[in-house]
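Notes to accompany the following structure.
2 protein chains.
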Amino acid sequence: MSATNWPSIISELAELEIITDAVQLSKLSLDYYHFSPILSKKLNNKRANLVVRPVNEVEVLKIAQTCVKYQVPLTVRGAGTGNYGQCIPLEGGVVLDTTKMNQIRSLEPGLACVEAGVKMAAFDKKAREIGWELRMAPSTYRTATIGGFIGGGSAGMGSITYGQLRDRGNLQAVRVVTLEDEPRILELRGDDVQKVNHAYGTNGIITELEIPLAPAYPWVELIVIFDQFMRAARFGQALGDSDGIVKKLITIQAWPIPSYLTALEDYLPQGKHAALLMISQYDLEPFQNLVKEYGGEITYQKTATEATKGSSLLEFTWNHTTLHARSIDPNLTYLQTFYFTLERVEQMYDYFGEEAMIHLEFLRVGGKAIPAGLQLIRFTTEERLNEIIRYHEEQGAGIANPHTYILEDGGRKVIDPEQLAFKEKVDPYGLMNPGKMRAWLERAVSV
Amino acid sequence: MSATNWPSIISELAELEIITDAVQLSKLSLDYYHFSPILSKKLNNKRANLVVRPVNEVEVLKIAQTCVKYQVPLTVRGAGTGNYGQCIPLEGGVVLDTTKMNQIRSLEPGLACVEAGVKMAAFDKKAREIGWELRMAPSTYRTATIGGFIGGGSAGMGSITYGQLRDRGNLQAVRVVTLEDEPRILELRGDDVQKVNHAYGTNGIITELEIPLAPAYPWVELIVIFDQFMRAARFGQALGDSDGIVKKLITIQAWPIPSYLTALEDYLPQGKHAALLMISQYDLEPFQNLVKEYGGEITYQKTATEATKGSSLLEFTWNHTTLHARSIDPNLTYLQTFYFTLERVEQMYDYFGEEAMIHLEFLRVGGKAIPAGLQLIRFTTEERLNEIIRYHEEQGAGIANPHTYILEDGGRKVIDPEQLAFKEKVDPYGLMNPGKMRAWLERAVSV
Ligand SMILES: Cc1cc2nc3c(=O)[nH]c(=O)nc-3n(C[C@H](O)[C@H](O)[C@H](O)COP(=O)(O)OP(=O)(O)OC[C@H]3O[C@@H](n4cnc5c(N)ncnc54)[C@H](O)[C@@H]3O)c2cc1C
Ligand SMILES: Cc1cc2nc3c(=O)[nH]c(=O)nc-3n(C[C@H](O)[C@H](O)[C@H](O)COP(=O)(O)OP(=O)(O)OC[C@H]3O[C@@H](n4cnc5c(N)ncnc54)[C@H](O)[C@@H]3O)c2cc1C
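Laid out in C-alpha cells, this is it:
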C-alpha cells in the first residue's frame, strides 16, 4: 500500500475548513469511549490525519470524492458524544465533522427536515415555538447532533412514549452521500431508512433527515424518593403503564447511585432510592395519586418554565448518571440491559448488590413499557465484567454490550444483511469508518 | 307506600322545563337497550312519570330537593345512547335530562371544564380551535354527552393511546349534586372521582367535569382489507404496538361483518376482512410500510379535512358496527370481550364461525394494546347466549356482559365498596336510578 499523499488531499479540499492541529485532531478523533475501561485501552491512541468541517452537501460530496480518489478512510463525526468509540477512526484518515451543517430545512407541525449536524436542544427550542418538539432525545441533548443520534444512539427521554429510534415511524427519510467512484446523493424513505439507521456511519454520510415530531407539553420535572428499591421500580413500571398520565422520562436509581448526583443532594436523602421524572403539567394531579399509592415522597418539582432555565433533570439520567458517578469514582463503568421484567430486576438487585448498582430507564419496546438498565458496575477485571454479562444473559436479560466498538457485538448481536448490502453498494471500497462493521470484516476475509 | 303527589311535584318544579307528554316520556325513558334481546323484553315498558330539563346547577339542586322531599326515584339521562338500559327508570319517577346543561366552563391547552350535558363532537370542535381534542370518545360522539360517557361508557376512539375512562388521569374532577335531606354540591378530585365514574348515575348527579385533553392531530381515516382474518387481526396488534405511529382507532372486522356496512360497500369487497383506522397524517408513510408488511390493501383514505365533512369512519366502528348490522339483520346481538391475546381470538374465530362474527377494537389496558371484542352474535336463545358467554370465560376471555342492566353484572363483576359507601352518603334513601346497583340491592336486603 503506498503512502497517502496528504498534502495533495489537503490542497484538493483547500476551500473547506480543515483542521490539522494535533490537539484539535486528538479531540476530534475521540468520544466518550472512556466510559469503558476495555475500550479505553484499545482506542486512546487512535487519531484522524485530518478533520474537515463541511458547511453543506456540496462540500460533503467533494470530501467523499476526495476520499475515494485517494482511497483514505472517512469517519463521520457529529458531536462525538458516543460511548463506544463509534466515531473514533480506527485506521486514521479523514474525520468529517458535521457540526457546521446545522440548518433546519423545514419545520412544520408533526414533521421537520434538518441537516445532520443540527443540535437537538437548539432544534427543540425552535420547534417548541410552533408547539412541537423532538419525539425522543438522549441526555446529551444539549450538545449531540441529530445525525449522530441516528448514527450511533438508540433511545432517550421520550422513549417511554415513542419507543426507540429504530421503531418504524421515528425516522421518516434520510439523504445520504455515497463513497462510490462517482459519489451520489441517495434519498431513503420509509422502511428503507433502516439501511443507515444506527449503522455507525459505515454505509453513507447522512446529510439531511426527515424526523417526526411530538406535540410539546409543559413538562414538569420531579424527584420522588422511596424507602425500598423495588417499590421505586414498581412505581416506575406502574407509571409507564399508566395510559392516562402523559410522561417523557422515568428514571429509577437504586441507592447509592443518588449519592453521586451531588448537585441534587438536597433532594436525595441518604439511603433513599430515587425516581427522576418528566410529567405533563396537565397530569400532575393523577400523578400525585400514583406517588401516594406507591408510598413515594416528592422532594423536587420544577415547572416547565423553571426547568428550562437551570439545567434539566435529564442531565442526571440515562448515561449522564454514569458520567456523574464516574466523575466521583473513575473505577465505575456500566452495562446496558433489557431486563424485560421486574422479577429479573429484583433478582439482579439481590444477586449483585452494590457491584451492579441498578439504574433503570423505562422505555417502550414493541408497545410495552419495560425496564432497561444502565447499571453502574464496580469494575475489577475484564473477566469479571464478562462474567457479570454472562450471568445476566443466562438469566434471560438482554445485554447491549457497551464495551465493544463493533456494531453487531453491541446491541444488535446479529448481522444485518440489509445494512451490509447497502454498504456493498454505497461504500464498495470499505472506506467508511473501517473496522466497525463485523459483517464487512468477515465478508472481506471470505471474499 | 302512599301514592306520589305528582301535581304537587310539578308545581314545585314549575319554573323548570318539564315534559309530561306520553310520547316524549316514552322516548326519554329508553335508550339502546334493544341491542339486547334479553333486555328488550325486560325494559320496554319502563317509563318515567316526568322528565325535567334543568339548565344549570341551581335547577339541579331544586330537582334533587324535590325528589328527596317526595321520595321519588331520580334517574339521570344524558343523550340516552347507553346500550344496557343504564338510564331507563326501572321504577319510574323523575328523569333528569342534562342536555340543556351544555356550557363549556373553561377550555385551555390540556384541560377543560364542562357541564355534564355537553355533547362530545360539539366540544371537540371548540377544542380543536385551540389545538386540542378529547382523549377518547365513543362512536356515539356526535350525540352523546360527556356526563353520560362518564356515567355509563367505558372507551372508544383514542383508547388505543389513552386507555379507558377508568384509568387514572382520564377524568380529573367532578362536581356532584347529592340526594341528601339537604342536597349539597360536592367536588371530587383525583382518585376520588372513581366514586362516581361509571356508576350509572346511582350515586350523585354529575353537573360539571374536569377532563384532560389530547393534542389534536389531523387524523386520516383509512380502510385496509385482508384476505385472511388472522392477518388482519395481527396487523391490528402490530399497529397497536407500533410506538412510532400515532393512531386513534384500530377496528378489525371479520367477513361477513363488512357486508353490513352498506354505505362503505365500494371499499369493502366480498369476502375480505377489514381494518377501519384513524392514523396521524404525519405518520402515513410508516403506516403504509406496515400495511405492506402484513399484505393489506388500502381501499379508502380520507384526509382529516375530507373526513370531517362527510360522516366519519368512526360511525362504522365500536358499537356502531352492531347498529348497522342489526339494521340489516335484527336477529343479531353482540358481546363485549377482553380476549387479551390473539391466540384466544383465533381460537374463538375457529370455534364459533359465523355464530360469533369477530369484531375487534384495540385499546390500551394497563399500558398494553389488547384486542377487545364486540362480536356480533346470531341470537337464538338466551340459553345459547349464556353458553357462548360461558365458553369464552372458560377459555380465559373476560366478558363484560351487555345483556344486564345491573352495574356489577356487566363489566365490573365485583362490588365496588367505594361506590357503595359513596351512595350511602349521598343517596341515603336509595332514590337514584334504583335497581341498578347490586351492592345497594343486597345491602337493602341484609339491612
Ligand atoms: C453522558 C452521556 C449520555 C448519553 N446518553 C444517551 C442517551 O440517553 N441515549 C442515547 O441513545 N445515547 C446516549 N449517549 C450516546 C450519545 O451521546 C448519543 O447517542 C448522541 O446522540 C450521539 O450524537 P453525536 O452527535 O455525539 O454523535 P457521534 O458520537 O458524533 O456519532 C455517533 C455515530 O454516528 C455516526 N454519525 C454521526 N453523524 C453521522 C452522519 N451525519 N451520517 C452518518 N453517520 C453519522 C458516527 O460515525 C458514529 O458512529 C450518551 C453519551 C454520553 C457521553
Ligand atoms: C351505536 C352505539 C355505539 C356506541 N359506542 C360506544 C363506544 O364506542 N364506547 C362506549 O363507551 N359506549 C358506546 N356506546 C354507549 C353510549 O353511547 C356511550 O357510553 C355514551 O357516551 C353515553 O352517553 P349518553 O349521554 O348517551 O349517556 P346516557 O345513556 O344518557 O347515560 C348513561 C349512564 O350514565 C348516567 N348519567 C348520564 N349523565 C349523568 C350525569 N350527569 N351524572 C350522573 N350520571 C349520569 C345515566 O344515568 C346512565 O346510567 C354506544 C352506544 C350505541 C347505541
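The listed protein sequences correspond, in order, to chains A and B.
Quick note on numbering: the UniProt record's numbering labels position 145 of the first sequence as 145, and the sequence is numbered without any gaps.
Quick note on numbering: the UniProt record's numbering labels position 75 of the second sequence as 75, and the sequence is numbered without any gaps.
We put the beta carbon where it would ideally sit given N, CA and C, even for glycine.
Bear in mind that the values here come from a model prediction, so they are computed numbers and not experimental data.
Nearest Cα to B/Ile257 within the set B/Val60, B/Asn49 and B/Glu354: B/Glu354. Note that the C-beta distance between B/Cys87 and B/Gly93 is not below 7 angstroms.
Taken in chain order, the unbroken stretches of beta strand (DSSP E) that lie wholly in the region 129-184 of chain B and span 3 residues or more are 132-134 and 173-177. Taken through DSSP and simplified to helix, strand or coil, B/Trp255 comes out as coil.
Note that the C-beta distance between B/Ile146 and B/Val114 is below 7 angstroms. Judged by beta-carbon spacing, B/Glu361 lies within the 7 angstroms limit of B/Ala372, meaning their Cβ atoms are closer than that value.
For B/Ser26, the Cβ stays outside the 6 angstroms cut-off from all heavy atoms of ligand 2. Leaving aside the five residues that flank B/Glu91 on each side, the residues in its chain whose CB is nearer than 7 angstroms to its CB run, in chain order, Pro73, Pro434 and Gly435. In the DSSP assignment, A/Ser26 falls outside any beta strand (DSSP E) and lies within the alpha helix (DSSP H) extending over Ala22 to Lys27. Counting only runs of 3 or more residues that sit fully inside the region 311-381 of chain B, the beta strand (DSSP E) segments are 332-334, 359-365, 368-373 and 376-378, in chain order. For A/Tyr294, not one C-beta of chain B is nearer than 7 angstroms to its own C-beta.
With the rule of 3 Cβ pairs closer than 8 angstroms, the region 8-18 of chain B does not count as touching the region 222-233 of chain A. Boundaries of the alpha helix (DSSP H) around B/Thr66: Glu57 to Tyr70. Only those residues of the region 370-398 of chain B whose C-beta falls short of 7 angstroms from the nearest C-beta of chain A would be listed, and there are none.
At a C-beta separation below 8 angstroms, B/Ile245 has these neighbours in chain A: Arg168 and Gly169.
For B/Asn197, not one C-beta of chain A is nearer than 7 angstroms to its own C-beta.
Residue environment: A/Glu306 is assigned as exposed (fewer than 16 neighbouring CB atoms within 10 Å of its CB, all protein chains considered). The beta carbon of A/Pro215 sits closer than 7 angstroms to some beta carbon of chain B.
For ligand 2, a non-hydrogen atom lies closer than 6 angstroms to the CB of B/Thr145. Look at B/Asp31: its beta carbon is less than 6 angstroms from one of the heavy atoms in ligand 2. Residue environment for B/Tyr282: buried (at least 16 other C-beta atoms within 10 angstroms of its C-beta). Taking the CA atoms as reference points, B/Tyr217 sits about 9 angstroms from B/Lys247.
With contacts defined by Cβ atoms closer than 7 angstroms, B/Glu210 and B/Ala173 form a contacting pair. Take the alpha-carbon of B/Gly82 and the one of B/Glu297: they are about 35 angstroms apart.
Within chain A, no C-beta atom comes less than 9 angstroms from the C-beta of B/Glu306; the nearest is roughly 18 angstroms away.
As DSSP reads the structure, B/Arg189 sits in a beta bridge with B/Ala173. With a threshold of 7 angstroms between beta carbons, B/Arg364 makes contact with chain A. Identification of chain A residues near B/Glu285 by a Cβ-Cβ cut-off of 7 angstroms yields Gln172, Arg189 and Gly190, ordered along the chain. Beta-bridge pairing by DSSP links A/Lys247 to A/Ile279. Under the Cβ criterion of 7 angstroms, B/Asn289 is counted among the residues facing chain A.
Looking at the backbone, the Cα of B/Gln375 and that of B/Thr341 are separated by about 15 angstroms. Against B/Leu186, chain A offers no close residue; the least beta-carbon distance is about 17 angstroms (beta-carbon pairs closer than 8 angstroms).
Assigned with DSSP and collapsed to three states, A/Arg47 falls in coil, not helix or strand. Closest by C-alpha distance to B/Ala400, out of B/Ala263, B/Gly411 and B/Glu393, is B/Gly411. At least 7 angstroms separates the CB of A/Asp181 from every CB of chain B.
Contact note: A/Asp416 does not reach chain B at a C-beta cutoff of 7 angstroms; the least C-beta distance is about 17 angstroms.
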